[in-house]
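Notes for the one structure printed next.
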Amino acid sequence: MGGLARKATVIENLKNQGLNPIILDAGDLLFKKNIIDPGVTTDVAKVNAEIIIDSFNQMGCDAFSLGSKDFAGGLDFVLEQYKKSNFPFLSCNIVSKSGELLFEPYTIIKSNNLNVGVIGLSSNFDNNEVQVLDPIESLKNIINEVSYKSDVVILLFNATQQDLTKLYNFDFDIDMILSSRGRTRSSDGGSKIPTYIAGDRGKILYKFELNIIDEKLPVTDLAWCENTIKRVGDRLEKMKQGNPDSDLINLYKNDQKTLSRIYGYQAQLNQANQSLENAINSLIFEKIELDKSIFDNTKILKIVDKGKEKILEIGAPFMDSKGRLPGDPHHGHNH
Numbered sequence: 007m008g009g010l011a012r013k014a015t016v017i018e019n020l021k022n023q024g025l026n027p028i029i030l031d032a033g034d035l036l037f038k039k040n041i042i043d044p045g046v047t048t049d050v051a052k053v054n055a056e057i058i059i060d061s062f063n064q065m066g067c068d069a070f071s072l073g074s075k076d077f078a079g080g081l082d083f084v085l086e087q088y089k090k091s092n093f094p095f096l097s098c099n100i101v102s103k104s105g106e107l108l109f110e111p112y113t114i115i116k117s118n119n120l121n122v123g124v125i126g127l128s129s130n131f132d133n134n135e136v137q138v139l140d141p142i143e144s145l146k147n148i149i150n151e152v153s154y155k156s157d158v159v160i161l162l163f164n165a166t167q168q169d170l171t172k173l174y175n176f177d178f179d180i181d182m183i184l185s186s187r188g189r190t191r192s193s194d195g196g197s198k199i200p201t202y203i204a205g206d207r208g209k210i211l212y213k214f215e216l217n218i219i220d221e222k223l224p225v226t227d228l229a230w231c232e233n234t235i236k237r238v239g240d241r242l243e244k245m246k247q248g249n250p251d252s253d254l255i256n257l258y259k260n261d262q263k264t265l266s267r268i269y270g271y272q273a274q275l276n277q278a279n280q281s282l283e284n285a286i287n288s289l290i291f292e293k294i295e296l297d298k299s300i301f302d303n304t305k306i307l308k309i310v311d312k313g314k315e316k317i318l319e320i321g322a323p324f325m326d327s328k329g330r331l332p333g334d335p336h337h338g339h340n341h
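Rendered as structure tokens:
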């Protein structure tokens, strides 16, 4: 639970700097698995989930989009946490067995004279208590409504890679995607809609600075431009075989396959440079490691300590210093 207390410190520091950050979570927040062993293990996992909700209430959160793991404690438990939270739970495609929406499909957040539309979405998952409608079709049903009300649209998507690929085939009016399914750390948002996967549970806080000059124009992901320029530039330099003054076109004039690669790299380089030079609206990305260099927020620590007392009352094995239970493969490890 140390990540919660450190996350709260980072958020508090931003607010003390006069900033008004929008705090979002893209799902798989409450539990670590889709299925929890019954009995004491479930009881303890629910207390941990309650600690998370109480901590988010304290530190501030603007929207939370549900993912598959968030239902590991059952639908009734999720709805209980929904009622006690002071921030919206979002999903436009997780519905009851009778087909009714269980949560708000989206929310509009006012920030710095802009209306920021935030949509909740999930890829399909198996659950006996809810239905998960097709995510792409569900998004089609509301995107125009959200776009009409918003200057900026952010999609919180507990997504499989397959569904992300499908989404890219449509011209959705979305400025940014935050995804929570998967363990990959994003270094940039990719070449399509800027998409970031928060793959490290509680270890990293992703900070984005969105600068909007003209809401009618697309957002340029500066991290993607800079990473592409470096990555492609390094590849082209390696192809010069140690001679920085080599003319690659002349060097590989008799190797059509390599020439095609060179032309492709040069096109990528030109695209990234032009995007960087012509950027009007920009997205700046920073990873903040929630390590011991960041002080723990005392208010969050009190919430965590209160939760630990409840766990002791249950009679459960005690968590280690990282909030992990016996049975967790990393229990007792100092990492």
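First residue of the sequence shown: 7, per this note's numbering; consecutive thereafter.
Virtual Cβ for every residue (Gly too), placed ideally from N, Cα, C.
None of these values were measured; they are calculated from a predicted model.
- Going by beta carbons, Ile149 and Phe178 fall inside the 8 Å limit.
- In this structure the stretch 94–112 touches the stretch 123–139; the number of beta carbon pairs closer than 8 Å is three or more.
- In the assembly as shown, Gln168 is an exposed residue. Its beta-carbon has fewer than 16 other beta-carbons within 10 Å.
- Where Glu319 is concerned, the enclosing alpha helix (DSSP H) starts and stops at Thr304 to Ile320.
- For Val159, DSSP records a beta bridge to Gly123.
- At least 8 Å separates the beta-carbon of Phe37 from that of Phe70.
- For Asp82, the enclosing alpha helix (DSSP H) starts and ends at Leu81 to Lys90.
- Residue environment for Thr304: exposed (fewer than 16 other C-beta atoms within 10 angstroms of its C-beta).
- Assignment of Leu242 by DSSP, reduced to helix, strand and coil, places it in the helix class.
- Rounded to whole angstroms, the separation of the alpha carbons of Asn118 and Ile235 is 32 Å.
- Per DSSP, the unbroken beta strand (DSSP E) holding Phe291 starts and ends at Asn287 to Glu295.
- Here the C-alpha atom of Gln247 lies approximately 15 Å from the C-alpha atom of Lys259.
- For Ile57, the enclosing alpha helix (DSSP H) has its first and last residue at Val46 to Met65.
- Residues Ile59 of the same chain have their beta carbon placed closer than 6 Å to that of Gln87, with the five preceding and five following residues left out of the count.
- CA-CA distance, Trp230 to Leu107, rounds to 36 Å.
- Exposure of Ala273 is indicated by the presence of fewer than 16 other C-beta atoms within 10 angstroms of its C-beta.
- The way I'd put it, the stretch 45–52 doesn't touch the stretch 157–164; fewer than three beta-carbon pairs between them come closer than 8 Å.
- For Ile115, the enclosing beta strand (DSSP E) covers residues Tyr112 to Ser117.
- Ranked by Cα distance from Lys293, the options Pro44, Gln23 and Lys213 are led by Lys213.
- Assignment of Ser97 by DSSP, reduced to helix, strand and coil, places it in the coil class.
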